[in-house]
Amino acid sequence: MGCALSDAAIVGLTVAVMGASADIFGRVLPPPYKIAGEPATRQNIDAVRRSCAQAAPVVLAIGVGASLLAKSPLPAVGAVAIMAWLWWQYETAAQHDVPTASPSAPASRRWT
């Protein structure tokens, strides 16, 4: 059996996995500020969601593979954390001016 990696190596591998995960999202999608500059139509929002869904399995595979290599869950946890944060960033950027149906929302953001 192979020897387990040191704590520093596991942390380093986790940081590398998180960087690779962000790179994957960056290659699949344009930057969030460019997405926020586009009209928030259903078509654009769905395109962002599809692209995030395409990046997610690759990020998860990298995280799980690194966790198996490190014999630690930390790389997979880091991959899931950065994926969730990036997905939230892109989702927020895509919906920057989508009105809500909430009666408490300002009048400029209600469905008309």
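Numbering of the sequence shown is given in the working numbering, commencing with residue 1373 and proceeding in unit increments.
We put the CB at the ideal spot given by N, CA and C, even for glycine.
Residue from Asp1395, Pro1447 and Arg1414 with nearest C-alpha to leucine 1458: It is Asp1395.
field: Touch test, the segment 1439-1450 against the segment 1376-1390, Cβ-Cβ under 8 angstroms, three pairs minimum
entry: Counting Cβ pairs under 8 angstroms, three or more are found: they touch.
field: Status (buried if at least 16 other CB within 10 Å, exposed otherwise) for threonine 1464
entry: By the 10 Å Cβ count, threonine 1464 comes out exposed.
query: Three-state secondary structure (DSSP) at leucine 1401?
result: Taken through DSSP and simplified to helix, strand or coil, leucine 1401 comes out as coil.
Counted within 10 angstroms of its Cβ, other Cβ atoms place tyrosine 1462 as buried (16 or more) or exposed: Of the other Cβ atoms in all chains shown, 16 or more fall within 10 Å of the Cβ of tyrosine 1462; this residue is therefore buried.
- request: Mark serine 1378 as exposed unless 16 or more other C-beta atoms lie within 10 angstroms of its C-beta, in which case mark it buried.
  value: With fewer than 16 other Cβ atoms within 10 Å, it is exposed.
- prompt: How is alanine 1412 classed by DSSP in three states: helix, strand or coil?
  reply: In the three-state DSSP reduction, alanine 1412 falls in the coil class, being neither helix nor strand.
query: How long is the line joining the alpha carbons of alanine 1427 and alanine 1453, rounded to whole angstroms?
result: Cα to Cα, alanine 1427 sits roughly 14 angstroms from alanine 1453.
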